[in-house]
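*Asks:* Could you have a look at this structure, given as structure tokens, before my questions?
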Amino acid sequence: MIEINNLHKYFGDNEVLKGISNKVNEKEVVCIIGPSGSGKSTFLRCMNLLEDVTDGTITIDGQEITAKKTNVPKIRSQVGMVFQHFNLFPHKTALQNIILGPLKVKKMPKEEAEKKGMELLEKVGLVDKAHMYPGSLSGGQKQRVAICRALAMDPKVMLFDEPTSALDPELVGEVLNVMKDLAKDGMTMVVVTHEMNFAREVGDRVIFIDGGYIVEEGDPNELFQNPQSERLQTFLGEILV
Amino acid sequence: MDALVEKLPFLYHMIKVIPYLLEGMKYTLIITFLGVAIGFVIGAFAGLGRISNSKIIYAISTVYVEIIRGTPILVQILFIYFALPDLLDLNLDKITASVIAIAINAGAYIAEIVRGGVESIDKGQFEAGDSIGLTKNQTMWHIIWPQAFRRMIPPLGNQFIISLKDTSLFSAIAVVELVYQGKAYTAASASYFEPYFMVGLFYLAITIPSSIILRRLEKRLDV
Chain W
1 MIEINNLHKY FGDNEVLKGI SNKVNEKEVV CIIGPSGSGK STFLRCMNLL
51 EDVTDGTITI DGQEITAKKT NVPKIRSQVG MVFQHFNLFP HKTALQNIIL
101 GPLKVKKMPK EEAEKKGMEL LEKVGLVDKA HMYPGSLSGG QKQRVAICRA
151 LAMDPKVMLF DEPTSALDPE LVGEVLNVMK DLAKDGMTMV VVTHEMNFAR
201 EVGDRVIFID GGYIVEEGDP NELFQNPQSE RLQTFLGEIL V
Chain L
242 MDALVEKLPF LYHMIKVIPY LLEGMKYTLI ITFLGVAIGF VIGAFAGLGR
292 ISNSKIIYAI STVYVEIIRG TPILVQILFI YFALPDLLDL NLDKITASVI
342 AIAINAGAYI AEIVRGGVES IDKGQFEAGD SIGLTKNQTM WHIIWPQAFR
392 RMIPPLGNQF IISLKDTSLF SAIAVVELVY QGKAYTAASA SYFEPYFMVG
442 LFYLAITIPS SIILRRLEKR LDV
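Rendered as structure tokens:
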């Protein structure tokens, strides 16, 4: 589904990604872990071109998104993104947040978009919040709406950038449950996360990034129980304390 | 009325100047409202130009803003009313020239208000718009602008009041606005305190209610 080939990313003179290659299969759930500043978020953001790629190629569903003459908004509309800080539109209700993309990008009729939006809200258990503004939702509710917003575009892939890091601990579960359901439904997902339990339970594969390289990758249980590299051992030691 | 004036003679000129000032007020308001409205359109484009990725658009907007902010509005009106028609051989009436002057002047300040408003919006809002596949223009129109506009309301109200007071300078080209009318009255009546006192009151009669309305609006929009 996604093929990343020798990806390099510079911020000025600072090389953040130093040649990353990988492949994500259809319906696979890949979790990316790594210390802060390792480049894991940048890597994820390259996959829907929120960061422009310095060198290398990314292909999604057979289409090279890093090619020069791509229609960037079109590619982004096919790749769902969930942000750490939700980034819901505060001047729009939950439902309006969700239907904006279908209305403006897909030119879907309003009734159809709303019907679909309500279905998505039902899936995440927030039908009663449809007409509320983000300001009166909890963090977990906001993130669930944000997931619906991304799903409303029928993306081929869903990207999650530390989706539970900004949440109070007691709200993490409700978001992870939605993500678990999504994985069960066969969504292809790439998740930057610190939730090792989620990675272990839902992830098909874990990628450990440090210093701009993929240091190690593999089956979550194996990787966590038997880390090969010293850097992963140190990292796991620090977060599993 | 006459009896009252007899007891308080200073009231005589204060009352008598009112019809003149009402006439002047009409032009002050026409020039201000039209000028600021057009200035808002100019300012919206110039403000977005100031954050444009295009170097040419950025340069044009920046030069415009710097020139207008760097010169007095009195010079601007003299330029528009006398110098420009002379140069281009056209005929500009005073009111049109005044509206243009306010529009161009307020436009430059509003450009900075617009720029500040847009730049104050969290980067995540742009990214969220991008991420669902909206174009840059769609993101600006549907997501950024509605949020930024709320934040622009207080400084826009402020600019309205500044522009209103700036119209007083157009008495220099004999536009029959408030100050000109007050001045004309003093010349004819040889009284100074009363007419100018009333001119001041007339300005306050617009600016104070404007401030109150604005504050209410701000509260309601929660900015």
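Chains as they are written, first to last, in our numbering: chain W, 1 to 241; chain L, 242 to 464.
All residues carry an ideal CB built from backbone N, CA and C; glycine is no exception.
Only a predicted model underlies this, so the values are computations on that prediction, with no experimental measurement involved.
#1: Out of Gly398/L, Thr427/L and Ile318/L, which has the shortest C-alpha to C-alpha gap to Arg456/L?
#2: If we count the other Cβ atoms within 10 Å of its Cβ and call it buried at 16 or more, is Lys239/W buried or exposed?
#3: Mind checking if His91/W is an interface residue toward chain L, Cβ cutoff 9 Å exclusive?
#4: Check whether the Cβ atoms of Val417/L and Glu247/L sit closer than 9 Å, and answer yes or no.
#5: Answer yes or no: does any C-beta atom of chain L fall closer than 9 Å to that of Gln78/W?
#6: At a CB-CB cut-off below 7 Å, which residues of chain C make contact with Pro73/W?
#7: What residues of chain L sit near Phe83/W, judged by a beta carbon separation below 9 Å?
#8: Here's the rule: buried if 16 or more other CB atoms are within 10 angstroms of the residue's CB, otherwise exposed. What is Val304/L?
#9: Compute the beta-carbon to beta-carbon distance between Val206/W and Glu217/W, rounded to the nearest angstrom, for a pair I have assumed lies under 8 Å.
#10: Can you tell me where the beta strand (DSSP E) holding His8/W begins and where it ends?
#11: If you count every other CB in all the chains shown that lies within 10 Å of the CB of Phe323/L, and 16 or more means buried, which is it?
#12: Between Gln317/L and chain W, is any beta-carbon pair separated by less than 9 Å?
#13: Please determine, among Tyr433/L, Glu435/L and Tyr350/L, the residue with the shortest C-alpha to C-alpha distance to Met393/L.
#14: When the cut-off is 9 Å and only beta carbons count, does Arg391/L lie next to chain W?
#15: Taking three-plus beta-carbon pairs below 8 Å as touching, is the stretch 140 to 156 of chain W in contact with the stretch 11 to 19 of chain W?
#16: Identify the contact partners of Val145/W in chain L, using a Cβ-Cβ distance below 7 Å as the criterion.
#17: Going by Cα to Cα distance, which pick from Pro73/W, Pro35/W and Gly34/W is closest to Met47/W?
#18: 9 Å is my cut-off, CB to CB: does Gly139/W come that close to chain L?
#19: Are the C-beta of Met196/W and some C-beta of chain L separated by less than 9 Å?
#20: Tell me the DSSP secondary structure of Val53/W in three-state form.
*Replies:* For this structure:
#1: If you number the second sequence from 1, residue 456/L lands on position 215. Checking every option, the nearest Cα to that of Arg456/L belongs to Gly398/L.
#2: On the first sequence, residue 239/W is found 239 positions in, with the first residue counted as 1. First, the residue type needs correcting, since residue 239/W is Ile and not Lys in the sequence shown. That one is exposed.
#3: Stepping through the first sequence from its first residue, residue 91/W is reached at position 91. When Cβ-Cβ separations below 9 Å define contact, His91/W makes contact with chain L.
#4: Taking the second sequence and counting its residues from 1, one reaches residue 417/L at position 176. Taking the second sequence and counting its residues from 1, one reaches residue 247/L at position 6. Contact: no.
#5: Looking up residue 78/W in the first sequence gives position 78. At least one chain L Cβ lies under 9 Å of Gln78/W.
#6: Here the protein chains are W and L, and chain C is not one of them.
#7: If you number the first sequence from 1, residue 83/W lands on position 83. Within chain L, the residues near Phe83/W are Gly365, Glu368, Ala369 and Ser372.
#8: Your numbering for residue 304/L matches position 63 in the second sequence. Val304/L comes out exposed.
#9: One-based indexing of the first sequence puts residue 206/W at position 206. One-based indexing of the first sequence puts residue 217/W at position 217. Correct: roughly 6 Å between the Cβ atoms.
#10: In the first sequence, the residue the question calls residue 8/W occupies position 8. Per DSSP, the continuous beta strand (DSSP E) segment holding His8/W begins and ends at Ile2 to Phe11.
#11: By one-based count along the second sequence, residue 323/L stands at place 82. Result: exposed.
#12: By 1-based counting over the second sequence, the position of residue 317/L is 76. Chain W contact via Cβ: absent.
#13: As a working mapping, residue 393/L is identified with position 152 in the second sequence. For the residues Tyr433/L, Glu435/L and Tyr350/L, the minimum Cα distance to Met393/L belongs to Tyr350/L.
#14: For the purposes of this step, residue 391/L is taken as residue 150 along the second sequence, with counting starting at 1. Yes, because at least one Cβ of chain W sits closer than 9 Å to the Cβ of Arg391/L.
#15: Cβ pair count under 8 Å is below three, so no.
#16: The sequence position of residue 145/W within the first sequence is 145, counting from 1. None at all; the shortest Cβ gap to chain L is about 12 Å.
#17: Here residue 47/W corresponds to residue number 47 of the first sequence, with the count starting at 1. Nearest C-alpha to Met47/W: Pro73/W.
#18: The count along the first sequence starts at 1 and reaches residue 139/W at position 139. Answer no: the Cβ-Cβ gap between Gly139/W and chain L never drops below 9 Å.
#19: Taking the first sequence and counting its residues from 1, the one referred to as residue 196/W is at position 196. Judged by the 9 Å Cβ criterion, Met196/W is not in contact with chain L.
#20: In the first sequence, residue 53/W corresponds to position 53, counting from 1. Coil at Val53/W, not helix or strand.
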